[in-house]
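For the sequence shown, my numbering assigns the number -7 to the initial residue and increments by one for each residue that follows.
The beta-carbon is built from N, C-alpha and C at its ideal position, and this holds for glycine as well.
To keep things clear, I will list the structure first and then write my remarks on it.
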Amino acid sequence: MKHILFLTWKDIKHPRSGGAEVVMLEYAKRLVQDGHKVTWFASNFSGGKYFENIDGIDIYRKYSINTIYFFAWKWYKKFKKSNKIDL
-7 MKHILFLTWK DIKHPRSGGA EVVMLEYAKR LVQDGHKVTW FASNFSGGKY FENIDGIDIY
53 RKYSINTIYF FAWKWYKKFK KSNKIDL
């Protein structure tokens, strides 16, 4: 089993999500079905929860669309202290 981290600026529940997020969700669901742990980190939006599990995928939301990539490294360093990431 591998722990796979996806980093994108939108997730499937983001109001501006589209086809790319649908494809990412399908990839993630298949990886979970194959026994892998999947974490998806994306920007937050108005009314969005910091953490949510959708179809076995752990989704974390933080920062805005404009700052997600700038602060993602900070979040990743903190997250990996308690979680082993393989890919």
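Express the C-alpha separation of residue j and residue i in angstroms, rounding to a whole number.
i: Met(-7); j: Leu23; result: 10 angstroms
i: Tyr42; j: Asp3; result: 12 angstroms
i: Tyr61; j: Lys5; result: 19 angstroms
i: Ser74; j: Gly40; result: 24 angstroms
i: Tyr9; j: Ser35; result: Here the sequence assigns Ser to residue 9, which means Tyr is not the residue at that position. Going by the C-alpha atoms only, they are around 11 angstroms apart.
i: Ala64; j: Met16; result: 18 angstroms
i: Val14; j: Trp67; result: 24 angstroms
i: Tyr55; j: Asp26; result: 31 angstroms
Would residue i pass as a contact of residue j if the rule is Cβ separation under 8 angstroms?
i: Trp1; j: Ile57; result: yes
i: Leu(-3); j: Ile77; result: yes
Can you pull the DSSP bridge partners for residue i?
i: Arg53; result: Ala34
Measuring CA to CA, which of the options is closest to residue i?
i: Ser103; options: Lys70, Val14, Leu79, Pro7; result: Residue 103 lies beyond the stretch modelled for the chain, which goes from -7 to 79, so this question has no answer here.
i: Thr59; options: Phe33, Phe71, Gln25; result: Phe33
i: Leu79; options: Thr31, Arg53, Ala12; result: Thr31
i: Lys29; options: Lys72, Lys69, His(-5); result: His(-5)
(message) For the pair the region 11 to 30 and the region 42 to 54, tell me if three or more CB-CB distances fall below 8 angstroms.
(response) yes
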